[in-house]
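A quick write-up on the structure given underneath.
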Amino acid sequence: MVVTRGRYGTALPSSMLLINTTDDKNAKFNNNTYGAPSPPHSLSITSHSATWMQLTWQPPEYSHPHEKITYRIYHKPMKSEKFNKIETRVAWLRMSNLKPSSQHILYVEAVGEHATSLPSETLVAWTDPALPAFVDPPTVHPADNIPEGGSMTILCLALGNPAPTISLYVGGHLVRQDTSRHMVTVIHNVSADMEHISCYADNGYGVPMQATRRVNICYAPKITAAGITVASLGDDVELRCTVDAKPTPKTIFWRDHDGRVPVIQGGHFDISTKINESHTNLHTMSLRINKVLATDVGDYFCHAENAFGSSTTAVSVRIRTTPALGRNVSECCRQMNVSLACSAACSYYVDIEAIADKPECIVDFDKLMKCAADGSDHRSCCADANVPRKCLNWCRGDAVRSKEICSLQYSRTIVGCFEMNRDKLPGPPENIAVSVMSDNEVMIRWDPPQKNPNVVEGYRIFYHEAAILAPDSSESSGDGIAYNTTNLLNSTEIRRIDVKDTTVNINGLKKDVLYELVVKAGNSFGASILTEPVKFTLGDHHVTSATTYSNTVGTISGIVASILALLLAAAAIVFYRRHRAHNGKAGNGVAFENPTYTRGLEQVQLPTVTSAITHAGSTAQTAQREGIVNDANADAHTQCNEVNPTIYEELKLGQEGAGFKKLVP
Numbered sequence: 001m002v003v004t005r006g007r008y009g010t011a012l013p014s015s016m017l018l019i020n021t022t023d024d025k026n027a028k029f030n031n032n033t034y035g036a037p038s039p040p041h042s043l044s045i046t047s048h049s050a051t052w053m054q055l056t057w058q059p060p061e062y063s064h065p066h067e068k069i070t071y072r073i074y075h076k077p078m079k080s081e082k083f084n085k086i087e088t089r090v091a092w093l094r095m096s097n098l099k100p101s102s103q104h105i106l107y108v109e110a111v112g113e114h115a116t117s118l119p120s121e122t123l124v125a126w127t128d129p130a131l132p133a134f135v136d137p138p139t140v141h142p143a144d145n146i147p148e149g150g151s152m153t154i155l156c157l158a159l160g161n162p163a164p165t166i167s168l169y170v171g172g173h174l175v176r177q178d179t180s181r182h183m184v185t186v187i188h189n190v191s192a193d194m195e196h197i198s199c200y201a202d203n204g205y206g207v208p209m210q211a212t213r214r215v216n217i218c219y220a221p222k223i224t225a226a227g228i229t230v231a232s233l234g235d236d237v238e239l240r241c242t243v244d245a246k247p248t249p250k251t252i253f254w255r256d257h258d259g260r261v262p263v264i265q266g267g268h269f270d271i272s273t274k275i276n277e278s279h280t281n282l283h284t285m286s287l288r289i290n291k292v293l294a295t296d297v298g299d300y301f302c303h304a305e306n307a308f309g310s311s312t313t314a315v316s317v318r319i320r321t322t323p324a325l326g327r328n329v330s331e332c333c334r335q336m337n338v339s340l341a342c343s344a345a346c347s348y349y350v351d352i353e354a355i356a357d358k359p360e361c362i363v364d365f366d367k368l369m370k371c372a373a374d375g376s377d378h379r380s381c382c383a384d385a386n387v388p389r390k391c392l393n394w395c396r397g398d399a400v401r402s403k404e405i406c407s408l409q410y411s412r413t414i415v416g417c418f419e420m421n422r423d424k425l426p427g428p429p430e431n432i433a434v435s436v437m438s439d440n441e442v443m444i445r446w447d448p449p450q451k452n453p454n455v456v457e458g459y460r461i462f463y464h465e466a467a468i469l470a471p472d473s474s475e476s477s478g479d480g481i482a483y484n485t486t487n488l489l490n491s492t493e494i495r496r497i498d499v500k501d502t503t504v505n506i507n508g509l510k511k512d513v514l515y516e517l518v519v520k521a522g523n524s525f526g527a528s529i530l531t532e533p534v535k536f537t538l539g540d541h542h543v544t545s546a547t548t549y550s551n552t553v554g555t556i557s558g559i560v561a562s563i564l565a566l567l568l569a570a571a572a573i574v575f576y577r578r579h580r581a582h583n584g585k586a587g588n589g590v591a592f593e594n595p596t597y598t599r600g601l602e603q604v605q606l607p608t609v610t611s612a613i614t615h616a617g618s619t620a621q622t623a624q625r626e627g628i629v630n631d632a633n634a635d636a637h638t639q640c641n642e643v644n645p646t647i648y649e650e651l652k653l654g655q656e657g658a659g660f661k662k663l664v665p
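Heads up: the sequence shown runs through residues 1 to 665, numbered per the UniProt record's numbering.
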């Protein structure tokens, strides 16, 4: 070691010189020997966790002031044989990716420009044991009644070793994530869907933990109402307003909002408020006016108020200006050839009491119900009134099989639904027209229904491929185009489109394919019946009438059906003779029919597509072929089979699945 001595004292040594005086030929420095810094010292662990530790040390005591020094750290787990080397320029090191509860050996060397120091002292250190994450329920400020549009502060606290990763979820959406033991987050512009707040913590050990808290997001009332209700004098009218508010508001019906003239409970006014069981923030205000008078016509106001604000919405009662319904019902009865003895039921609406003592009118009930339905589908109301499935077809004007049971037990209920919904449900759209836009696109347009056009909220279009019309050189139709009837489709793929306007464009169509389309109008109370099917094709880039195709394909399909019927009849005769010959050997036996077992064998047929081609072509069958087909199918209609609806009977109304199957002979 060399030091400098002056008048006032002695300097510190610049470095240490190590001289090897042995005869070892493998000595590191054979010719020149340089001075090296003294070793680092005072090693210590300043902080540690389960997967990391931070090591610090003091620089060498003896080193040249202008010499650049780096540090080489040697460390290894206790059970390992090889040291890991890490170099750094600073006097500390953070070692990561360590195992919990593991023991490590560490020492440091100082590396100068020409030589390396001796090793420092050796340090043995432990990592902490791993502890699974634990999270407390989130702390929210303000604690309760947070106004919508305001701000809230959320604190998530978590424990665990190593420090867990905390995730904050608000309303089911991830808002923030951080590796810490506590996390503070401020949420601005709070909305009503942020009432569920969750803190989630995971550190990779054990099972992750989640804590959730529900807060009250309060907001002023929001009112939605039906608007205008049209009725006739003497009708019962119910005005409804739906209020969305938290906390629960105070509600009232005003007759004059500016003059604060309330509607008082009593007389022919009945006021009620109900809370939605599934959504407790929704409240329904109802004002029922029994037997509307001329003085009851006008505007009413739904008013709701809570601590966070108030809202008022107008609803109105108007007198119907359209022609009386009785004229339409009477005209319909005449067109349906209702017998003169039963025409007394065709008044303002179908009056069941007028024919209650006339059993001969049961045969006319299908006609009466068709007139009373007036083009609307009332199955939703009927299903809610517990009308059985076998009678639901009357609710949309279709025929039923069990006329006696339905007329005696449920006719009054069904007519009651007609009366209650006659101003709420629209009739079917009219004047459907198809225009070709391109090789794969058409535009469908129609007119609003004549019945209650003001209550229509939207239209639903159903269409499907009815047949493939392939040109054939061997056969020709009346317009010079031939078709291969083997390409008839029996697909149940129905496409549906919902629109609010009276026009819609349908693209992705195929050329030379016959399509069948129907439309219905609807609103929140129900829908109309389906329109008559419209057939169209894009052949030769223009809309072509489907009548020609229907006659050609229908005639050939009828011939095929007749041949199949003859084969089935022959097979039935052979089977009957063999069965009779077999039974003749046991003439002394007695056979009993088991009605219960027979009922258990009723078959549920697969849904079929009603092709307009086969329907139109069926009129071209000869009388002889029709007789054969009817004889072959006589036994098939002796019992009542429950079948799925046809292509346009899948309209979903009422209870789940109610009215979508019917009993047919």
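Built from N, CA and C at the ideal position, the CB exists for glycine as well.
Note down, in chain order, each residue of its chain lying with its Cβ closer than 6 Å to the Cβ of C332, except the 5 sequence neighbours on either side. C371
Beta strand (DSSP E) segment containing D447, residue limits: E441 to D447
Nearest CA to the CA of R161: which residue from D202, S191 and H114? In the sequence as presented, Arg is not what sits at residue 161; that position holds Asn. It is D202.
Throw me the rounded Cβ distance for the G112 and A36 pair, which I believe falls under 8 Å. 6 Å
Starting from the N-terminal side, write out each stretch of the beta strand (DSSP E) that is 3 residues or longer and does not extend beyond the stretch 211-291. 217-225, 228-231, 237-246, 250-256, 269-275 and 282-289
N-terminal and C-terminal residue of the beta strand (DSSP E) that K76 is part of: T70 to P77
Please determine, among Q103, S167 and E493, the residue with the shortest C-alpha to C-alpha distance to K76. Q103
Contact check, I146 vs V170 under 8 Å by CB: the rounded distance? About 12 Å; that fails the 8 Å criterion.
My output table needs one value for V140: the three-state DSSP class, helix, strand or coil. strand
Should A110 and I73 be called a contact, given that it needs their Cβ atoms to be closer than 8 Å? no
Where P334 and T503 are concerned, what is the direct C-alpha to C-alpha distance, given to the nearest angstrom? Note that residue 334 is Arg in the sequence shown here, rather than Pro. When rounded, the distance between both Cα atoms is 34 Å.
Which two residues bound the contiguous beta strand (DSSP E) that contains V415? First-last for V415: S411 to N421, but that is the alpha helix (DSSP H), not the beta strand (DSSP E).
Can you tell me whether K520 is helix, strand or coil according to DSSP? strand
Mind checking whether T224 and L239 have CB atoms under 8 Å apart? no
Give the single residue among I432, I289, P100 and H114 whose Cα lies nearest to the Cα of H66. H114
Throw me the rounded Cβ distance for the L509 and E457 pair, which I believe falls under 8 Å. 27 Å between Cβ atoms; not a contact.
From G526 to L425, what distance separates their C-alpha atoms? 6 Å
CA-CA distance, Y459 and C199? 46 Å
Closest Cβ-Cβ distance between S438 and chain B: below 8 Å? The structure shown contains no chain B, having only a single protein chain.
Where does T295 fall in DSSP's three states? helix
What span of residues does the alpha helix (DSSP H) with F83 cover, start to end? No alpha helix (DSSP H) contains F83, which DSSP labels as neither H nor E.
Roughly how many whole angstroms lie between the Cα atoms of P142 and I497? 47 Å
Can at least three beta-carbon pairs, one atom from the stretch 394-405 and one from the stretch 337-348, be found at a separation below 8 Å? no
For L538 and N507, I'd like the C-alpha separation in whole angstroms. 11 Å
In this structure, how does DSSP classify I362 when only helix, strand and coil are distinguished? helix
Taking L131 as the reference, which of D193, T51, P60 and A192 has the closest Cα? T51
I'd like to check one pair, D296 with V329: are the Cβ atoms closer than 8 Å? no
Can you tell me where the alpha helix (DSSP H) with C382 in it begins and where it stops? R379 to D384
At the level of alpha carbons, what is the spacing between L567 and I573? 10 Å
Ordered along the chain, which non-local residues of its own chain (more than five positions away) have a Cβ less than 6 Å from that of G206? P132
Where does M336 sit, in a helix, a strand or coil, going by DSSP? coil
Are the Cβ atoms of D144 and N216 separated by less than 8 Å? yes
Which partner residues of D498 appear in the DSSP bridge assignment? R460
With K403 and I362 assumed to form a contact (beta carbons below 8 Å), what rounded beta-carbon distance in angstroms separates them? 5 Å
D193 to M152 span [Cα, whole Å]: 14 Å
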